[in-house]
Amino acid sequence: MRIDVVTIFPEYLDPLNVSLVGKARARGQLDVRVHDLRQWAHDKHNTVDDTPYGGGPGMVMKTGPWGEALDESLADGYEAGAHLPALVVPTPSGRPFTQRLAVELSARPWLIFTPARYEGIDTRVTEEYATRLPVYEVSIGDYVLAGGEAAVLVITEAVARLLPGVLGNAESHQDDSFAPGPMADLLEGPVYTKPPQWRGRGIPEVLLSGHHGKIARWRRDEAFRRTVTNRPDLIERCDPAAFNKKDREMLSILGWQPGPDGRFGRSPEAVEE
Ligand code: SAM
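Heads up, the final residue of the sequence shown is numbered 277 in the working numbering, and it's a clean run with no missing numbers.
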């Protein structure tokens with residue numbers, strides 16, 4: 005996968021040299037190019053922002069430098085043999101970044117990120133490139149950062165670990181919270197490693213049993229326990245067809261019952277408690 009990042013703070017992307025993403029780069033699984041937007045600003049102060057039309061506080065990033073930066077990055081990528089680029093625009097007003105979207109982006113061969121500063125980029129830039137490429141406007145959460153670089157780090161790491169051969173154990177992301185599959189839409193439950201005793205705390209007996217069926221059931225029960233506590237909205241949204249008899253028993257123990265439409269909700273007694 006090729007990744008281009010255009011930013012006014014190239015050094016902010018230095019963590020892309022470290023750990024999983026750094027190793028994927030070293031192995032040639034990820035080709036990351038970080039570009040300084042100011043190289044496409046032509047006045048003596050390398051200006052990339054201007055006052056907003058309509059007034060108001062803050063500054064807006066100008067079309068000119070972004071247009072040139074994206075044209076050149078695209079031309080360079082095509083020349084190097086990259087294909088099917090997609091633009092990823094971090095913005096608090098974008099669609100939420102989820103594991104599902106990470107999976108979708110990981111299937112693309114080339115991502116170009118446009119982390120902004122100030123009040124964001126003149127809207128005509130995304131409009132223009134949307135006529136040529138898929139554009140993903142993405143928010144990493146309901147809060148406002150000072151710039152999009154941290155969002156690029158988050159998205160890149162989530163995407164890179166899904167690329168074939170990047171994780172040591174290819175199966176380890178299949179059990180993750182939110183991973184598509186049997187645990188879809190459930191959070192991952194607790195995990196343990198050696199030693200078996202620590203400060204008087206042991207580990208659940210079932211994990212030592214070697215009984216794969218019982219361990220899988222325990223993990224799923226714990227996933228329900230954690231999800232109803234931390235993200236009840238995920239259970240409420242779940243298609244009840246995804247729940248088997250044991251799941252329903254567990255949900256009932258946790259105080260959840262199916263409503264008239266079959267979807268699960270907290271039973272009225274549990275809500276009152
Ligand atoms: N005025 C903008 C708004 O309310 O939508 C906020 C601009 S913010 C100060 C500057 C930049 O930081 C954004 O253009 C975007 O690149 C990035 N950013 C801030 N919060 C973000 C979030 N939650 N997700 C993704 N990017 C974010």
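Think of the CB as a built atom: it goes at the ideal place given N, C-alpha and C, for glycine as much as any other residue. Predicted, not measured: the structure shown is a model, and the values here were computed from it.
Which residue's Cα is closest to the Cα of G124: A134, V148, L109?
Nearest to G124 by alpha-carbon distance, out of A134, V148, L109, is V148.
For H39, is the classification buried or exposed, using 16 other Cβ atoms within 10 angstroms of its Cβ as the cut-off for buried?
buried
So, under 8 Å CB-CB, V170 and A28 are touching, yes? Tell me the CB distance rounded to an integer number of Å.
5 Å
Between the alpha carbons of L41 and S23, how many angstroms are there, rounded?
A direct Cα-Cα distance of roughly 26 Å separates L41 from S23.
Does the distance between the C-beta of I7 and the nearest non-hydrogen atom of ligand 1 fall short of 7 Å?
no
Beta carbon proximity, I207 to chain B, threshold 8 Å
Of the protein chains in this structure there is only one, and it is not chain B.
Let me know the secondary structure DSSP gives P96 once reduced to three states.
strand
Any heavy atom of ligand 1 closer than 7 Å to the CB of I144?
yes
Hey, how far is the Cα of T160 from the Cα of A90?
14 Å
Measure from the alpha carbon of R165 to the alpha carbon of each residue in A45, R128, Q178, G98, then state which is nearest.
Q178
Does the Cβ of E153 have 16 or more other Cβ atoms within 10 Å, making it buried, or fewer, making it exposed?
buried
List, from N- to C-terminal side, the beta strand (DSSP E) runs of 3 residues or more that fit wholly inside the region 95-174.
114-117, 139-143
Does the Cβ of S97 lie closer than 7 Å to at least one heavy atom of ligand 1?
Yes, ligand 1 has a heavy atom inside 7 Å of this Cβ.
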